[in-house]
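So the structure is just underneath, and the comments pick up after that.
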Amino acid sequence: MQRYFRLVLFAAVMLVVLAIPVAAVLARTYFLAPTTQPVKAQPIQFPHQVHAQAMGLDCTFCHRGAITSAQATIPALEFCMSCHKVIPWQGRPELEKLVQAFERGQPVQWNKVHQLPDHAHFVHAVHLNFGFQCSDCHGDVAAMGKPGVKQVRDLRMGDCLTCHQQNGARTDCSVCHY
Amino acid sequence: MPRWGMVIDLDRCIGCGACVVACQAENNVPINTEDVYHQRRAIEWIRLERYWEGEYPDIKARYIPVPCMHCQNAPCEPVCPVYATYHTSEGINMQVYNRCIGTRYCSINCQWHVRFFNFWEPKWPDSLKNQLNPNVTVRSRGVMEKCTFCIQRIVKAEHQAKLEGRQLRADEFTTACAQACPTDAIVFGDLDNPESRVARLVSTAVNERGYRLLEDLGTEPSVYYLKKVDLEAPVEEHSSH
Amino acid sequence: MRRREFLKLAATSATGAVLFTGCGSIGNGNPPSEFKIESPVWNPNDLRYGRDAWFATAAPASVGGYGIIVRVFEGRAKKVEGNPDFPINFGRSCAKAQALVQELYHPDRVGAPLRLAGQRGSGQYRAVGWDEALGEVASLIRQAPGSTLLVTEPLNGALGAIVEQFVRATGIQHASLEPDERVVLREAMRRAFGVESFPTLDLANARLLVSFSADFLHTWISPVQFARAYGAFRQGRPAVRGTYYHVGPRLSGTAANADRWLPIRPGAEGLVALSMAQVMLEEGLVEETSAVPFFQALGLTPDQLATDFAPERVAEATGLSAEQIRELARAFAEQRPSIAIAGTSAAASTNGLFNLVAVFALNYLVGSVGSEGGLILNPASPLPDELPANRSGDAYRHWVELAQQIAGGQITTVLVHRANPVYSLPPASGFRDALRGAGSVVSFSSFRDETTMLADLVLPDQTLLEQWGLVVPDPGPGYEVVAVQQPVVNPFVDSRAFGDVLIQLAAQLGQPLPWPNQEEAVRALADALRGLGRGNVTAENPRAYFVTMQAQGGWWDERARAGEARPQAATAPANPEFAGEPGQFPFYLLPFPSDSLGYGEFAHLPWLQGLPEPVSTNVWGTWVEINPRTARDIGVETGDLVRVVTPQGSAELPVYVNPAAMPDVLSVPMGQGHTAFGRYAEGRGVNPLELVAPQVERETGALAWAATRCRLELTGRRMRIARFEGQIPAFQLEEFPIVQVTRPRS
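Residue numbers (the numbering used here), protein chains in the order written: chain Z, 687 to 864; chain U, 6 to 246; chain B, 79 to 824.
The following block contains the structure:
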């Protein structure tokens, strides 16, 4: 036993040493997974709940680019104001921010919620055209009130590939990477 | 499934370089500064070569535009240790930038020298960045890059066809070099679509005076050349360096 | 940590292979702006988010003024393509038009009006407001309109109309600057055919083309138009392949495409042409009647031609053999339709006008003027009084006089727009020194070029992609064409269109022009086109008319063609003269316009600087081309620095041994040698005009930049030439030729 002690000790130490990076990787994967990210604060706390659920607006009513182009696009303030100029905004701080930005001609900079990996080109239009719903990737945004929208799906390459395989889409690298 | 290919007519080519600049504009190719030329690291996805033939006064200069040949048995592909260079199902030899680790084996194995390595981080003055094409990745230092047959235009056209619920039409789009070419020397298209111009050329002009660069290596390039016509060409003889 | 840096680390650490999978973090290391999405305040009608917009506009008149379309994404111009509907280029474009976006987003654009803040020429400026700058210019003009000189490019289209009105209303002087060979060509067209416009070539139906030094595929008047026709000329017809012979002192990028190149002495083009005519008439290859206008154009009698210009008599002076001239003449007469053109260095000799007239008159002999497969003349502007189309630039001789007037104080204020006389005129003209001492100099350039560096005030103009205009392409496709130019993006910097500035100045001077701004001028002139009641655009009201015109890229009427051609005045034969004693200066100095940089007006664009000159493949510099045998005799090789000495001056240039150079001709590209003009142009190469003796073309007074002799002196130093050749390891093997050739089908 004694003569193997050093070998066992060495093996044990090696196991621990090797386990550290493995644990680190797992922890990193878990903590940095897009779905575990905290909800990002937005310049205006936009309630999707009110617009999409209570009012029943379609996603593409505002995100017009989604059906025709790569980007879903966020509407111009002018578009928001087409309704909000008749909706009372005094005393409602989030709405006041919108009206002020509009009157000052100040664009609003939103924080991007759904992050795709680098070097991947994603096109909204073809996915919607195939028959996917917005909620298939974005979750039930309509039910997300304050504090804001959260990424619910992994949206990393494994996720993309699985879905592409299940739906018979091409899985060539060049479909997304170019 | 389309099979993309190109026909370049050397009898039409006038060596103007419109294809070279059009390619740089479309594909975010870094500016080839004087230093880059001195280092022999200029990046031109399509380049214009000039070959001399004869001696003064019976001398000729001949032009040939050389993009990636998109070989069907590409020698660059099997040597990549990380599968960063691979063949798409549509016959394009692609470089996946985020896989590439910069071993440069592929460029060594390419007989046509159409693969370029980013020795430096590409740099543009801030204002010139406004011109960069959002549909094309800006390659960072340490990766290979090469002609993609303007894959972003292919993808865009395929998506548009899908959105309109139809098949891709023959010649509904083309690459940047072919679109700019003032003499129509470069024709790009689907070799498998008999209605496309490139397929028609392959079945007519290519039979008559077509050849492929270093064809004897057996790599099956997708780029066909049409021989330069010369009144004084010796019968079945070729120009030399 | 970015993925790549991570990979580097991973490769060097033992645990790298394991950690590899842990790197799926979400793009940390990206610029923070990628995490932001902006809601704009307003959504303009023409801005569709996430999608491309394409706007039709026009390429600069100096590259042919053809129609282009510009891809605009999220308010930024991305890519220039040819306009597929436009009748000059049908979707084709050139490298220079491609690079227009680089001019728009150039890092060294003048961003605001500037006032000189130090010595003139020091380049120290401070920004001022537009109102202040405009007020100052207005008061300068008000003080002495008669001694104010406005320098522009040749007046063309809507901007030309505004300038003409402004000059008329304020009574200032005006001069326009264009490459001198164009001045000569225009005069040749006037004398030989009685037209004001440049000609076009129906190459698609021609069988033989003989170009006398004209670089028609790269730099000569409308290269894209000719190149497109050239493609059809070579391979567009199933049974016929057009043949192209090039006669000239340099194997230019264009000449390299010729089936046969006949090297001749510089300036001997006209002589060869007359000799060809003599052969054709002597051998009865052409009809006697068709020779009448030919003799008129040259003021010759058949006897004079027969005695003085027989091939045996001129062979020596041209550098060709009599047999070569005879063969050329026979081919030209027999392979009809055939076309003869001349240009570039042929026009830049002291006998330039004769050269051009003699060559173009050959087309009369074979019945090619205005016929299918021949030389097609272009009509004047569709609105000759309102829309200037083909105004000639002023000849060099006139510029020398202007320089004297500036130096003498008769002209006190000089306004300069887009032209760059300090660079484009040789120092011998005295223009630079005159301008340095001028009372006031105002520049309207977008860049700090050489002329702008001598300005007291700079009022930056917008680039072509930011302003309204109408461009009348010269040459047109054989019928009347007007291209619409429109802003494809908002102004990128605080600049104002030159037309707007003139209109505002006129208003301040109490002489308002008929339009409130440049856009309205364009609309008014477009409406005048509607008033003609013909052309490709039909619409009910002015608004719909203009929108249709914008969408198509212009207006054209295929039936509005040039009238019958007739020689107007005789141009007598003349021999070229050269500055410098042959004994002392054994070589001809032959500058040539650069394929990518033109005459230097494109030297500020990095794509064009980095585009190899097709024959030498050199980039980013100037060089002197020497024949290999000559180089061996002198003992120089590529990269050796030599001093080129002319009676006018000297410059050090690296040698490029060009296997196709004539033994006694040294060629130097134009376009470099800028002392200002932005970071990409400044301080590289030599401007060959500094070496050129102030020889003028005898009849027009244009600068004969190919009429100087030179000698070489060794410096013993070397210099690396940046060039493309050698970038790629040679991959040609004996058994696998790269460029393969074949005989034409018999």
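Built from N, CA and C at the ideal position, the CB exists for glycine as well.
Per DSSP, the bridge partner or partners of residue i
i	result
N853/Z	Partner(s): none; N853/Z has no beta bridge.
F290/B	V325/B and A420/B
M627/B	Answer is none; M627/B lacks a bridge partner.
T754/Z	Bridge partners of T754/Z: none, in fact.
N696/B	R801/B
S518/B	T491/B
V141/B	According to DSSP, which records beta bridges pairwise, V141/B is partnered with nothing at all.
V819/B	K233/U
M11/U	F193/U and V228/U
H252/B	L228/B
Closer than 8 Å to chain B by CB, residue i
i	result
W868/Z	For chain Z, the structure presents residues 687 to 864; residue 868/Z sits outside this window and is missing.
A30/U	yes
H243/U	Low confidence applies to H243/U: its pLDDT is 47, below 50, so where it sits in the model is not reliable, and the reading given next is rough at best. Closer than 8 Å: yes.
V794/Z	yes
V248/U	Any property of residue 248/U remains undetermined from this structure, which presents chain U solely from 6 to 246.
E39/U	yes
A47/U	yes
CB of residue i within 8 Å of CB of residue j, strictly
i	j	result
V549/B	A139/B	yes
T135/B	Q630/B	no
V148/U	N114/U	no
Q157/U	V141/U	yes
R46/U	V71/U	no
A800/B	W698/B	yes
W129/U	L218/U	no
E225/U	N135/U	no
V735/B	E715/B	yes
F438/B	A418/B	yes
G145/B	F133/B	no
G309/B	A190/U	yes
N441/B	L453/B	yes
Assigned exposure category for residue i - 16 Cβ within 10 Å defines buried
i	result
V817/B	buried
L178/B	buried
M6/U	exposed
M11/U	buried
D552/B	buried
W546/B	buried
V794/Z	buried
V370/B	exposed
Distance cut-off 7 Å: residue i Cβ against heavy atoms of the ligand MN
i	result
R839/Z	Among the ligands in the structure shown, none appear at all, so the ligand MN cannot be discussed.
Within-8 Å CB hit, residue i to chain U
i	result
D858/Z	yes
V817/B	yes
P725/B	no
M738/B	For the sequence presented, residue 738/B should be read as Ala rather than Met. True, the Cβ-Cβ gap to chain U drops below 8 Å.
D804/Z	yes
Proximity test, Cβ basis, 8 Å: residue i and chain Z
i	result
K114/B	yes
R129/B	yes
W132/B	no
N568/B	no
H43/U	no
_Near-chain B residues of the segment 806-828 of chain Z (beta-carbon distance less than 8 Å), N- to C-terminal order_ = Correct list: empty, as no residue qualifies.
*Taking only beta carbons into account, state which residues of the segment 531-554 of chain B come closer than 7 Å to chain U, listed in chain order.*
Contact annotation: in the segment 531-554 of chain B, no residue has its CB less than 7 Å from a CB in chain U.
*Which of the residues in the segment 477-511 of chain B, read from start to end, lie with their CB under 7 Å from any CB of chain Z?*
Listed by position along the chain: nothing, the set is empty.
*Residues within the segment 85-105 of chain U neighbouring chain Z, beta-carbon criterion of under 7 Å*: Hits within the stretch, in order: Y91, T93, S94, I97, M99, V101, Y102 and N103.
*Along the segment 132-157 of chain U, what residues have a CB closer than 8 Å to any CB found in chain Z?*
Listed by position, the residues of the segment 132-157 of chain U near chain Z (Cβ gap below 8 Å) are N140, V141, T142, T153, I156 and Q157.
*Selection of the segment 183-203 of chain U by Cβ proximity to chain B, strictly under 9 Å*: Going along the segment 183-203 of chain U in chain order, one finds Q184, A185, C186, P187, T188, D189 and A190 with a Cβ nearer than 9 Å to chain B.
*Note down, in chain order, all residues in the segment 764-788 of chain Z with a beta-carbon under 7 Å from any beta-carbon belonging to chain B.*
Result list: E764, F765 and F788.
*In chain order, what residues of the segment 696-717 of chain B put their CB closer than 7 Å to some CB of chain U?*
So the close ones are V697, W698 and N705.
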